[in-house]
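Student: Following this message is one structure expressed as structure tokens.
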Amino acid sequence: MAGAFGSFWSRGVMLGKYADKQSILRSAEKAVLNQKFQQAIREYERFVELEAPDPGILNTIGDLLLKLNRTSEALGYFQQVAELYSCSGFALKAIATYRKIHNLNPSDPRINEILAELYYRQSFAYDAVHHLLLLVEHYRKANQIEQAIACLKKAIALAPADFNTRVLLAELLEQRDKKAEALEQYQEALTLCAVRGEWAQVFEVAPIALSLDEANTDILQRYVGAAQEVGRLLDAENFLTKRISVSGKIFPYQIFLAWICEKRGEPRRAWELYRDLEENGYAHPLIQEGLGRTGMEATPAAVHDAPPLAEPALERFALHSLVETSTASKTQGFFEITEQTETELVEDDEEAPTPTNSAVPADIPLIGSLEEALEEADFYLKLGFRDEARKLLEQLLRLHGHDERVLRRAEKAMLSVPGLEVRGEPASGQDVVKEITDDFDSELDSALEGLFTGAEEYQADEVLRYDVAAKTDQPAHSSPRLHYELGLAYKEMGLNSDALQEFLKAVEGMEDSEYQPQKLLCCSLLANTFLNLGNYDEAIRWAQAGLQIPERREFEWKALQYDLCLALEGKGDSKKALRGYREILKKDPSYRDVSRRISQLGAKPRDESRV
């Protein structure tokens, strides 16, 4: 009996603490809505004093300080957020926060270094290389060449096919008198360009590389091959003639002069050059083949010491024999958007009546299981639809007020619980509620980490509909889960453009049917973000793409349909938007501000010219 009493007492204390904290959050939010930012900051700071450091609250304080143009103070709060996420092992959230700091203070080398390292660890090659190159520029200006070289080597490890990075590394290695390493980087860069057919770059860089090894036949061969491709054989001839004059040596330059003569249609002159090499004691396959092509047989001669040529035949000078390594790029986006889809808005002669302003019942009966309701709450929280999440969670608090999962989501939505009549049986003494002040996103991230690493330390009931399933056969850098989660982290930090790019990358990797819920959420996130940025065409495209995905839930359909209607309204297609809003109204009369929008659009004159 004492144990049961203790359990109820501890629950009462926790609920009391919860109510106090939520009251403060409500007060702060009200101040924000009234644009009393200084008052809101004070309220949030009160919450921080009562609670362990909460990254979400600290980030909100930073955002409010930015509104007051107190950037320096805001950066201090964002730094705290970033450090909390880093220390807790939430790398993607840390990346998003440091990216936010970088946008406010792009010249800080320390932030670039941290971002480069975080991206490097997560195998986000492009982003890591970007920040590594920013660091390289900083180190070069500070004459810290060794540090710049180290950054460039990391960049090449992530993006080995980047020509410019290799050339820059070669230049810095040359500055440090590391000629052998520099020459290796030049040769790799030239090979990359030759494979891709970028002959102009080969022609420009090869002479620079030759300054490290003037008689390097491999580089000379690529140089004259590129000269032919770009129509610069005369320039190549002048370069080779000058090398002979300066060095006093005819080998190997005269071989390539002879080949140029062949390409100009001067076989006799070419033969004479080949023959001159042979008579001076050089007997190499290219000389023998050249003599054979120009109509004369080669004669035996003494062999001088000379390095072998990289290719055995002059026909390869143009480098057409190089193996093509590029693969065919995808020509089609992830979704094929057709004009007519199952859920596309159609003409409906029997239109729903325009609603009146009568009050809608506050409590709509919940349909389905608690797990389904939690999935719907997660969907709204992921999209940032706090009003919809609150309305649903207020009902769940009344029905399942002792359920830990409901309490966590309620706190995430900044709900206050005083005055709610809690029904339902409390959990048993064996299911003592954990500290309900844990951040829900952190809990979910922990569950995801366990799911992807094979660890067992996660609660199965927290891995719900929108967790990206594990794919053991996918490399980390192409995992849709990483891009999806990074996109969510960017979105939480208000970095909409960055979030869009990550969601696009994520959805491209969600080909399998097991990704349907996550793919649908990505479509909704993309549609909503494009809508907020005023790109109505893209918002429509992604909303329609999501509406084509099978096995969607009704709450998912409503969110996509609502954003589709908003985009249509933004484009000026009021008639089609009105039909869409009425479709939502038939299913949920209280959904967001659909009733008000229908009233506004219904009062406008119809535009019969629109389809």
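Position 468 of the sequence shown, counting from 1, maps to 504 under the numbering used here, and the rest follow consecutively.
Ideal Cβ positions, reconstructed from N, Cα and C, are used throughout, including at glycine.
1) Tell me which residues share the same chain as residue 300 and place their Cβ nearer than 8 Å to its Cβ, disregarding the 5 neighbours each side in the sequence.
2) By how many angstroms is the C-alpha of residue 158 removed from the C-alpha of residue 402?
3) Just mark residue 71 as buried or exposed, buried being the case when its beta carbon has 16 or more other beta carbons within 10 Å.
4) Mind listing, in chain order, the continuous alpha helix (DSSP H) runs of no fewer than 4 residues lying wholly within the stretch 179 to 254?
5) Buried or exposed for residue 123, going by 16 or more other Cβ atoms inside 10 Å?
6) Rounded to whole angstroms, what is the Cα-Cα separation between residue 288 and residue 251?
7) Measuring only the C-alpha atoms, how far is residue 110 from residue 59?
8) What does the Cβ neighbour count give for residue 440, buried or exposed, with the cut at 16 atoms within 10 Å?
9) Would you mind sorting residue 298 into buried or exposed? The rule is 16 or more other CB atoms within 10 Å of its CB.
10) Expressed to the nearest angstrom, what Euclidean distance is found between the alpha-carbon atoms of residue 544 and residue 82?
11) With distance defined between alpha-carbon atoms, name the residue in 85, 612, 97 and 92 nearest to residue 67.
12) Let me know if residue 619 comes out buried or exposed under the rule of 16 or more other beta-carbons within 10 Å of its beta-carbon.
13) Please say whether residue 180 and residue 202 have beta carbons closer to each other than 7 Å?
14) Restricting to runs no shorter than 3 residues, where is the beta strand (DSSP E) found entirely within the stretch 595 to 620?
15) Taking just the CA atoms, how far does residue 118 sit from residue 125?
16) When you compare only the Cα positions, how much space is there between residue 632 and residue 429?
17) Have a look at residue 266 and residue 244 and give me their C-alpha separation to the nearest angstrom.
18) Using 8 Å as the Cβ pair cut-off and three pairs as the minimum, do the stretch 270 to 285 and the stretch 312 to 319 touch?
19) Can you tell me the Cα-Cα spacing of residue 537 and residue 271, whole angstroms?
20) Going by DSSP in three states, residue 438 sits in which element: helix, strand or coil?
21) For residue 197, which residues in the same chain have their Cβ closer than 7 Å to its Cβ, ignoring the five residues on either side in sequence?
22) Can you give me the Cβ contacts of residue 94 inside the same chain, cut-off strictly under 6 Å, excluding the 5 residues immediately before and after it?
23) What whole-angstrom Cβ distance do residue 191 and residue 231 have, given they're in contact under 8 Å?
24) Can you tell which of 61, 249, 195 and 121 has the C-alpha that lies nearest to the C-alpha of residue 17?
25) Identify the continuous alpha helix (DSSP H) that holds residue 302 and give its terminal residues.
26) Taking all protein chains shown into account, decide if residue 407 is buried (16 or more other Cβ within 10 angstroms of its Cβ) or exposed.
27) Using 8 Å for Cβ pairs, my map puts residue 307 next to residue 331. What's the rounded Cβ distance?
28) Give me, in chain order, the residues of the same chain whose beta-carbon lies closer than 8 Å to that of residue 187; leave out the 5 immediate sequence neighbours on both sides.
29) When you compare each of 292, 626, 327 and 264 to residue 424 by their alpha carbons, which one comes out closest?
30) Assign residue 57 to one of three DSSP states: helix, strand, or coil.
31) My understanding is that residue 129 touches residue 86, with C-beta atoms under 8 Å, so please give their C-beta distance in whole angstroms.
32) Secondary structure at residue 580, three-state DSSP: helix, strand or coil?
33) Please classify residue 173: does DSSP put it in a helix, a strand, or coil?
34) With a 10 Å radius around its C-beta and 16 neighbouring C-beta atoms as the bar for buried, classify residue 629 as buried or exposed.
35) Rounded to whole angstroms, how far is the Cβ of residue 596 from the Cβ of residue 560, which I believe are closer than 8 Å?
36) Can you give me the C-alpha to C-alpha distance between residue 592 and residue 556, rounded to a whole angstrom?
Tutor: According to the structure data:
1) 269
2) Note on residue 402: pLDDT 45, under 50, position unreliable in the model; the coordinate value appears next. Approximately 41 Å, taken between the alpha carbons.
3) exposed
4) 181 to 194, 199 to 211, 215 to 232 and 235 to 246
5) exposed
6) For residue 288 and residue 251, the gap between their C-alpha atoms comes out near 7 Å.
7) Using only the alpha carbons, I get a separation of about 24 Å.
8) buried
9) buried
10) 44 Å
11) 97
12) buried
13) no
14) Whole beta strand (DSSP E) segments, 3+ residues: zero.
15) 11 Å
16) So the two alpha carbons sit approximately 23 Å from each other.
17) 18 Å
18) Judged by Cβ distances under 8 Å, the stretch 270 to 285 makes no contact with the stretch 312 to 319, as fewer than three pairs qualify.
19) 44 Å
20) coil
21) 228
22) 113, 116 and 117
23) 20 Å between Cβ atoms; not a contact.
24) The first residue shown for the chain is 37 and the last is 647, placing residue 17 beyond what the model contains.
25) Counting along the chain, residue 302 falls outside any alpha helix (DSSP H), and DSSP gives it neither H nor E.
26) exposed
27) For residue 307 against residue 331, the beta-carbon gap comes to about 7 Å, under 8 Å, which counts as contact.
28) 152, 168, 169, 171, 172 and 175
29) 626
30) helix
31) Actually they do not touch by this definition, with Cβ atoms about 23 Å apart.
32) helix
33) helix
34) Sixteen is the threshold: since fewer than 16 other Cβ atoms of the shown chains lie within 10 Å of the Cβ of residue 629, the residue is exposed.
35) 6 Å
36) Rounded to whole angstroms, residue 592 to residue 556 spans 8 Å at the Cα level.
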